[in-house]
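In what follows, a single structure is set out as structure tokens and then discussed.
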Amino acid sequence: MIEPLNLPKFDWDAPTSLGELLNHVLEIQHFPLELAKVISNIQDSQWELSYREGGWSIKQIVHHLADAHMNAYVRTKHIITQDQSQIQPYDENAWATSLDSDFHHEASYLILLGLHQKWSLLLLESLKDAANQLVKTLKHPETGRQVSLSDLIRLYAWHGTHHLEQIKYALIANN
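So the sequence shown is numbered by the working numbering: it starts at 6 and just counts up by one.
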């Protein structure tokens, strides 16, 4: 019997060195390639598998990753280019089940491929001026949390890995 999936939660308060942030940026940069390793051999019948009862399908997770990481890229641009910007929240469940969630996963994968290339270059450039850039924040209107560029880097490195593990688990658990 396979063990239940038990993924770590994101730790907002974890201290992070510049070296760790650089590693997280590299995780973001390489994420589409890691995703490709997992999804490249998925059969048509497996795209609807889920890692848990009532959870998103593998296809929905791939679409969610594109949606979430596009939002993260825009949030990164806001932090870098604007003072005291605010996060535009979105309902990720509504997005994950919207009409385009039934589309083929390939378009979302290609978005991730190009987006992560551009996003990681932007983040790497930002780290050159780390003292000024990493402390800039966005305000989340629903939680009131001030989210720094450092937080975003850590969050989305974690986010990609988190969903990649869900996809792997769905494939193993339903095999």
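Even glycine gets a Cβ: it sits at the ideal position worked out from N, Cα and C.
{"Check": "Report, in whole angstroms, the separation of the C-beta atoms of I44 and W124, which I expect to be a contact under 8 Å.", "Outcome": "Incorrect: roughly 20 Å between the Cβ atoms, too far for contact."}
{"Check": "Using three-state DSSP, classify V140 as helix, strand or coil.", "Outcome": "coil"}
{"Check": "Evaluate contact between the stretch 98-115 and the stretch 41-55, counting only Cβ atoms and requiring at least three cross-stretch pairs below 8 Å.", "Outcome": "yes"}
{"Check": "By how many angstroms is the C-alpha of T102 removed from the C-alpha of S50?", "Outcome": "19 Å"}
{"Check": "Buried or exposed for I92, please, with buried defined as at least 16 other CB atoms from any protein chain shown within 10 angstroms of its CB.", "Outcome": "buried"}
{"Check": "Quick one: is P13 buried, meaning 16 or more other Cβ sit within 10 Å of its Cβ, or exposed?", "Outcome": "exposed"}
{"Check": "Return the Cβ separation of L128 and T81 in integer angstroms, given the expectation that the two are a contact with Cβ distance under 8 Å.", "Outcome": "7 Å"}
{"Check": "Does DSSP put Q171 in a helix, in a strand, or in coil?", "Outcome": "helix"}
{"Check": "With DSSP run on the structure shown, which of helix, strand or coil describes S125?", "Outcome": "helix"}
{"Check": "Would you tell me roughly how many angstroms separate the C-alpha atoms of L118 and H69, rounded to the nearest one?", "Outcome": "14 Å"}
{"Check": "Taking only the alpha-carbon atoms, compute the straight-line gap between G59 and E170 and give it to the nearest angstrom.", "Outcome": "17 Å"}
{"Check": "Straight-line CA distance for M6 to L176?", "Outcome": "Note that M6 scores a pLDDT of 47, beneath 50, so its modelled location is shaky and nothing firm can be said."}
{"Check": "Quick check on D156: buried or exposed, where buried means 16 or more other Cβ atoms within 10 Å of its Cβ?", "Outcome": "buried"}
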